[in-house]
Structure formats: structure tokens, C-alpha cells
């Protein structure tokens, strides 16, 4: 049975660094441009790794975008003709991004976002769990672990050739010079509090 979905939903592309999240976002944007959809692309101002005013993948594919510092600024650019809103590196925005995405979807706009689900500590990245919970479609990508070459689901931060410590700042914008993709077993976070507190109760 064929069911036609009404306009307006949220898609989240997530996973660790170097998994191809931005590349997948750009692929979907390109398809929508071919279909002549009215689309607006945003990225957080804090992301200064590549070309200003463009969303750029690690493979150097890109599309023009609008820099924003808060999620609410998206509403300054959206009008009744907007069909699609795309946001790269959404985790760098404020928590109001969740409410903004839901508002846009309720208005009949297709919302496509990409972002990290975990920070370098291996913990959930800010509001991302909430965004994943309200999304109609979630695509979780994996990278390749630089240590053992198995599927990587975590992002390893490297400072001066060593793993960053747990109490280092959560946000540090960087690329291959600062981060690596790692699997669960190879991911290292010195000084991270012990997990599985229930084991201590025995």
C-alpha cells in the first residue's frame, strides 16, 4: 500500500566525525536543487574550518549557506515560499534549535540537519538526543577507526599527540589535525569518571 506523507518533517544525519555526514547532507541538498525546491542552507558561525558562507565537506564538496549564531536567526530567512531548511553541524547551535526544527516541520517545511551525536568524551552532545527523538527519519553513519580499521562510532580528540582529557572543553572546532574516528574499544578519554556505578554497589 502506498502512503503519501504530508509535507513537513525532520531528518537527522548523525554519527562521529569523518563518517560523511556533511557529504550526505550535500547529496540531499543537490537532489532537492535538481527538483527545483526552494531550499535555504545554514551553518553555525563558530564553524570556521572551511570557506565562509559555504557548507563544505571533508572531500571539498560544497554549497552556499548562511552563517548563524543562534537557532532563532533561521526564522529571519524563512518565508512562505521556503520548502526545505538544511542545517550543517547543528550541535553547535543553542538548545532552541530543537524547538525551531519542530516549528518549521509543523509549518510544512522539510528540515534536514547533520550533526555529531556524541562529543569527544563519548557522551551525548548537548540537545542532540532530543532532536533524534522528535525526528521522523534518522540516518546514523559510521567512519573507519584509525587504529583497528573497524567501524568507528566515536570521535577522538588529540592534543599534542595525546588523547584529550575528560575535563577539557567540550567544543573545540577542528578537523584532521585535532580529531580522529575511533571504535568503542580504541576510544580513549583520560580522567573520565567510572561508568557502571551499579557495579560499585555490589
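Numbering (the working numbering), first residue to last: 10 to 211. Ideal placement from N, C-alpha and C gives every residue a C-beta, glycine not left out. In this text the structure is predicted, and so the values were computed from the model without any measurement.
Per DSSP, residue 191 is one residue of the beta strand (DSSP E) stretching across 188 to 191. Setting aside the 5 residues that flank it on each side, residue 143 is surrounded in the same chain by 19, 107, 110 and 111, each with a C-beta closer than 8 Å to its C-beta; the list follows chain order.
Assigned with DSSP and collapsed to three states, residue 34 falls in helix.
DSSP places residue 208 within a helical segment (H, G or I) once states are collapsed to three. For residue 122, the uninterrupted beta strand (DSSP E) segment begins and ends at 119 to 125. From the listed residues 98, 159, 208 and 146, the smallest Cα separation to residue 56 is found for 98. Note on the region 90 to 156: whole beta strand (DSSP E) runs with a minimum of 3 residues are 93 to 96, 119 to 125 and 146 to 149, in chain order. Listed as beta-bridge partners of residue 64 by DSSP are 72. For residue 91, the closest alpha carbon among the candidates 177, 168 and 42 is that of 42.
For residue 165, the uninterrupted beta strand (DSSP E) segment begins and ends at 163 to 168.
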